[in-house]
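Asker:
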Amino acid sequence: MKKTTLRLGDVDIELHEDGTGTPLLFLHSGGGFEPEQPYVGLLARRHRVIAPSHPGFGHSSLPDWIDSIDDIAHLYLELMDRLDLARVRIVGCSIGGWIAAEMATKSPERIEKLILVGPVGVKTGSREKLDIPDIFAMSEEQMLRLRFHDPAKGRIDLKTLSEEQMRVIARNNETLALLVWEPYMHNPKLKHRLHRLTMPTLFLRGASDGLCSADYMQRYATLVPNARSETIAAAGHLPHVEQPEEFAAKVSSFLDAGV
Amino acid sequence: MKAWHFSENAYPYLPPAEEYESIRVTLPNRLYDPKKGAELYDRFLTEWQIAEEEGINIMLNEHHQSATCVDPAAPLVLAALARITSKARLLILGNPIANRRQPVRVAEEMALIDVLSKGRLEVGFVRGVPTEILPANSNPVRMNERHWEALDLIIQAWTGHDGPTSFEGRFFHHRNINIWPRPYQTPHPPVWVSTTSASGATRVGEHGFVQATFLTGFKGTPAIYNSYRQGWHQAGKSDPVPVNRLAYAAMVYVADSDAKARAGAEKLLWYITANKVSPWFRNPPGYSPIAVNVQAMLGDAAGGGFGNFGANTTVDGAVANGTMFYGTPDRVFEQIKTFYHHVGGFGHLLLMGQAGHLGHDETVAGIRAFARDVYPRLQAEFPDDAISGQFDKAASAGD
Chain D
435 MKKTTLRLGD VDIELHEDGT GTPLLFLHSG GGFEPEQPYV GLLARRHRVI APSHPGFGHS
495 SLPDWIDSID DIAHLYLELM DRLDLARVRI VGCSIGGWIA AEMATKSPER IEKLILVGPV
555 GVKTGSREKL DIPDIFAMSE EQMLRLRFHD PAKGRIDLKT LSEEQMRVIA RNNETLALLV
615 WEPYMHNPKL KHRLHRLTMP TLFLRGASDG LCSADYMQRY ATLVPNARSE TIAAAGHLPH
675 VEQPEEFAAK VSSFLDAGV
Chain H
241 MKAWHFSENA YPYLPPAEEY ESIRVTLPNR LYDPKKGAEL YDRFLTEWQI AEEEGINIML
301 NEHHQSATCV DPAAPLVLAA LARITSKARL LILGNPIANR RQPVRVAEEM ALIDVLSKGR
361 LEVGFVRGVP TEILPANSNP VRMNERHWEA LDLIIQAWTG HDGPTSFEGR FFHHRNINIW
421 PRPYQTPHPP VWVSTTSASG ATRVGEHGFV QATFLTGFKG TPAIYNSYRQ GWHQAGKSDP
481 VPVNRLAYAA MVYVADSDAK ARAGAEKLLW YITANKVSPW FRNPPGYSPI AVNVQAMLGD
541 AAGGGFGNFG ANTTVDGAVA NGTMFYGTPD RVFEQIKTFY HHVGGFGHLL LMGQAGHLGH
601 DETVAGIRAF ARDVYPRLQA EFPDDAISGQ FDKAASAGD
């Protein structure tokens with residue numbers, strides 16, 4: 435795993451790279467990118483995995499003008515320019531899926547294939563009910579049950595963390611709140627632009643995902659012209675973490691299929 | 241020293257705390273009986289009027305979606321107070337401007353009340369406690385930046401008198417600022433800002449606003465006042481900081497016997513002990529600096545954790561840590577004097593003089609005993625123009 439820092443405008447982006455082959459832009463969820471997770475190595479066997487830490491996550495900087503997912507989508511199109519990636523395949527998890535969808539509405543011709551894993555970003559349900567449960571109004575234990583099929587896999591033992599790791603967690607949480615607070619977990623404009631996503635798109639969801647429900651993902655997928663949906667059993671909001679083998683297999687199978 | 245009677249307008253008729261998860265944010269309002277609520281407002285307004293009769297000034301605050309303070313629109317109550325009082329200064333502490341979408345509207349509300357009260361208004365601005373975040377749907381990240389930008393905009397709105405001005409900031413945009421009425425006081429009503437951390441006080445000192453701090457006790461208060469003085473001098477003010485720039489809020493109950501005072505003090509403690517709040521509402525991401533959150537995690541890792549705020553607080557503990565002054569007049573005077581010297585002086589005492597089940601007669605008795613038997617001595621002993629920060633080592637040596 436190669437780690438570098440790339441300056442885009444006034445933003446310093448922490449960039450992880452691993453593997454060789456076709457470039458695969460991996461956009462992490464609200465918990466940040468964890469290079470030691472097994473799915474990373476599995477993807478890197480077949481692809482050149484390029485995984486930036488979003489502004490304000492990991493060790494990427496957060497200038498005071500950035501406050502939306504849309505800002506990050508613009509930034510990552512610039513990242514593609516800098517890395518000479520004319521066209522790319524993207525895997526985006528949760529808010530990473532939201533970033534990917536925003537990028538694809540802006541420059542559909544530059545996204546060859548898109549995989550959205552438990553994505554957020556649109557509002558499809560009724561006005562009186564949140565599409566995504568309010569993660570800022572629940573206990574850590576409730577959050578674990580919504581995020582994981584097996585909550586034990588998500589529980590963090592603080593005693594095992596360094597102070598620096600704690601700092602990253604606190605910072606990730608803060609930036610997540612900044613980006614998704616209002617409108618909560620969505621951009622009202624996005625669903626009116628999703629018809630531009632003509633590239634093959636896979637919606638992937640853990641069967642036990644308590645944040646991105648089956649109904650929500652289905653409604654999201656119907657807004658995208660060339661989309662299909664799959665489910666990974668015994669996984670929650672982070673199927674790549676809970677079922678890395680099956681996740682990597684589904685990603686590769688989708689990416690390998692004839693275009 | 242100036243004294244201010246402060247009542248949170250709490251609604252105390254609740255089931256046992258075990259039966260609900262949080263007294264703020266999620267407590268269903270079916271537990272609120274509007275008829276009882278109407279009687280309470282009537283009573284609390286009367287108590288403020290009695291405070292005025294006794295020569296005490298008036299303070300009120302604002303919280304949302306909480307039984308601890310049923311005053312979600314403090315300017316409305318302030319407007320009523322402006323009409324039913326005539327002498328007392330009226331302090332709103334304060335307007336939660338990081339959670340208000342239209343600072344210019346806040347400037348208008350305050351200007352109106354300043355005129356209505358014929359210049360008796362003192363305008364406080366507060367960042368708001370963490371439990372205000374969800375009720376306001378307000379982003380907890382960059383609140384401090386929003387707070388200060390809103391404050392600048394409000395002062396601009398108060399002080400522009402020659403037709404429209406405009407403001408295009410990071411968070412707020414207003415292309416036509418031209419408020420009617422303008423404030424009664426010139427250039428504008430006195431401004432107060434509250435903080436409970438030393439880091440927040442420096443900037444307040446730079447502006448020379450009145451710095452208020454709540455229940456920060458012997459331990460936290462000196463550092464806050466020190467930071468204020470640092471900011472004051474950093475901004476190039478050559479005069480020393482007078483005590484009238486510094487305020488302290490404590491629970492206060494005075495009676496002619498120890499037993500009566502103790503009974504009142506026990507009831508006042510409701511402020512602390514009833515404040516049952518779910519941990520995830522107490523620290524939304526972004527509300528506290530990263531370093532503070534890291535310290536909290538280190539504490540959790542060591543088995544500490546946030547604990548259950550206030551549930552185990554006692555009257556004796558509150559007196560020992562300087563968050564409560566209670567007793568006979570002599571005793572309360574001595575307690576305040578000790579605290580005054582320990583923190584280097586302050587010019588405003590904000591009396592949290594009503595809480596929970598402290599009844600009307602008890603509240604009024606406490607106000608009168610303080611006003612008649614303690615306040616004159618405080619005014620004589622601690623003049624408003626005294627210089628702050630001159631610590632009396634003898635008084636604080638015992639701490």
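Chains as they are written, first to last, in the numbering used here: chain D, 435 to 693; chain H, 241 to 639. Just so you know, even glycine gets a beta-carbon here, dropped at the ideal spot from N, CA and C.
Beta-carbon within less than 8 Å of T558/D's beta-carbon, same chain only, minus the 5 sequence neighbours each way: which residues are those?
Answerer: Excluding sequence neighbours, T558/D sits near D565, K625, Y650, R653, Y654, L657.
Asker: What does the alpha-carbon distance come out to for the pair A320/H and A313/H?
Answerer: So the two alpha carbons sit approximately 12 Å from each other.
Asker: Please return the same chain residues whose Cβ sits closer than 8 Å to the Cβ of D639/H, not counting the five positions on each side in sequence.
Answerer: Unreliable positioning characterises D639/H in this predicted model, as indicated by a pLDDT of 41, which lies under 50. The coordinate reading is nonetheless provided below. F458, H582.
Asker: May I have the straight-line CA-CA distance separating W499/D from E293/H, to the nearest angstrom?
Answerer: In a straight line, the C-alpha of W499/D is about 52 Å away from that of E293/H.
Asker: When you compare each of F491/D, I666/D, D444/D, P542/D to L461/D by their alpha carbons, which one comes out closest?
Answerer: Taking only the C-alpha atoms, the option nearest L461/D is F491/D.
Asker: Tell me, please, whether the segment 567-582 of chain D touches the segment 504-521 of chain H by the rule of three or more beta-carbon pairs shorter than 8 Å.
Answerer: Because the criterion of three Cβ pairs below 8 Å is met, the segment 567-582 of chain D and the segment 504-521 of chain H touch.
Asker: Would you tell me roughly how many angstroms separate the C-alpha atoms of D392/H and N660/D, rounded to the nearest one?
Answerer: D392/H and N660/D: Cα-Cα distance of roughly 50 Å.
Asker: Within 10 angstroms of its Cβ, does A322/H collect 16 or more other Cβ (buried), or is it exposed?
Answerer: Buried: at least 16 other Cβ atoms inside 10 Å.
Asker: Taking its Cβ as the centre, do 16 or more other Cβ atoms sit within 10 Å of G557/H, making it buried, or is it exposed?
Answerer: Exposed is the call here.
Asker: Determine which residues share a DSSP beta bridge with G567/H and list them.
Answerer: Note: G567/H sits in a beta bridge opposite V494/H.
Asker: Indicate the three-state DSSP secondary structure (helix, strand or coil) for H428/H in the structure shown.
Answerer: Note: H428/H maps to coil in three-state DSSP.
Asker: Assign S247/H to one of three DSSP states: helix, strand, or coil.
Answerer: If DSSP states are grouped into helix, strand and coil, S247/H belongs with the strands.
Asker: For a cutoff of 7 Å on Cβ pairs, would you count R605/D as touching chain H?
Answerer: Answer yes: the Cβ-Cβ gap between R605/D and chain H drops below 7 Å somewhere.
Asker: At what residues does the alpha helix (DSSP H) containing N466/H begin and finish?
Answerer: Its alpha helix (DSSP H) spans residues 457-474.
Asker: Say whether chain H places a C-beta atom closer than 7 Å to the C-beta of K557/D.
Answerer: Answer no: the Cβ-Cβ gap between K557/D and chain H never drops below 7 Å.
Asker: Tell me the rounded alpha-carbon separation between E664/D and L638/D.
Answerer: Between E664/D and L638/D, the C-alpha separation is close to 5 Å.
Asker: Between the alpha carbons of I417/H and V344/H, how many angstroms are there, rounded?
Answerer: Going by the C-alpha atoms only, they are around 7 Å apart.
Asker: Where are the beta strand (DSSP E) runs, 3 residues long or more, that stay fully inside the segment 597-649 of chain D, in chain order?
Answerer: Within the segment 597-649 of chain D, the complete beta strand (DSSP E) runs of at least 3 residues are 635-640.
Asker: Within the chosen definition, does the segment 278-296 of chain H reach the segment 557-576 of chain H through at least 3 CB pairs nearer than 8 Å?
Answerer: At 8 Å Cβ cutoff, the stretches do not touch.
Asker: Just to make sure I have the definition right: I need the residues of chain D whose C-beta is within less than 9 Å of the C-beta of N379/H. Which are they?
Answerer: The contacting residues are D501, A611, L612, W615, E616.
Asker: Please list the terminal residues of the continuous beta strand (DSSP E) segment that includes K437/D.
Answerer: Taken as a continuous stretch (DSSP letters only), the beta strand (DSSP E) holding K437/D covers 436-442.
Asker: With a Cβ-Cβ cutoff of 7 Å, do P524/H and I337/H count as a contact?
Answerer: In this structure, I337/H does not lie closer than 7 Å to P524/H by Cβ.
Asker: Using a C-beta to C-beta distance shorter than 7 Å, which residues of chain A count as neighbours of G526/H?
Answerer: Of the protein chains in the structure, D and H, none is chain A.
Asker: For chain D, is any of its Cβ atoms less than 7 Å away from the one on V492/H?
Answerer: So, not an interface residue.
Asker: Between which two residues does the alpha helix (DSSP H) harbouring E181/H extend?
Answerer: In this structure chain H extends from 241 to 639, so residue 181/H is not present and cannot be described.
Asker: Are the beta-carbon atoms of P427/H and V355/H separated by less than 7 Å?
Answerer: No, these two residues do not count as a Cβ contact at 7 Å.
Asker: Taking Cβ-Cβ distances shorter than 7 Å, what residues in chain H pair up with R601/D?
Answerer: Near R601/D (Cβ distances below 7 Å), the residues of chain H are I530, V534.
Asker: CB-CB under 6 Å to G453/D, same chain, minus the five flanking residues each way: which ones, in chain order?
Answerer: Excluding residues within five positions, the ones whose Cβ falls inside 6 Å are A478, H481, R482, V483.
Asker: Which residues does DSSP pair with M299/H in a beta bridge?
Answerer: Answer is F246/H, L331/H, bridged to M299/H.
Asker: Which residue's Cα is closest to the Cα of K275/H: N297/H, P255/H, Y251/H?
Answerer: Here the closest residue by C-alpha is Y251/H.
Asker: For the structure I just gave you, are there three or more beta carbon pairs, one from the segment 435-445 of chain H and one from the segment 465-474 of chain H, closer than 8 Å?
Answerer: Touching, per the Cβ criterion.
Asker: CB-CB under 8 Å to R579/D, same chain, minus the five flanking residues each way: which ones, in chain order?
Answerer: The answer, listed in chain order, is P585, G644.
Asker: If you draw a straight line from the C-alpha of K500/H to the C-alpha of S439/H, how long is it?
Answerer: Roughly 39 Å between the two C-alpha positions.
Asker: Going by C-alpha distance, which of M537/D, I524/D, R561/D, R630/D is nearest L511/D?
Answerer: For the residues M537/D, I524/D, R561/D, R630/D, the minimum Cα distance to L511/D belongs to M537/D.
Asker: Pull up the distance between the alpha-carbon of Y253/H and that of R264/H, whole angstroms please.
Answerer: Answer to the nearest angstrom: the Cα atoms are 14 Å apart.
Asker: How is T665/D classed by DSSP in three states: helix, strand or coil?
Answerer: Three-state DSSP puts T665/D in a strand.
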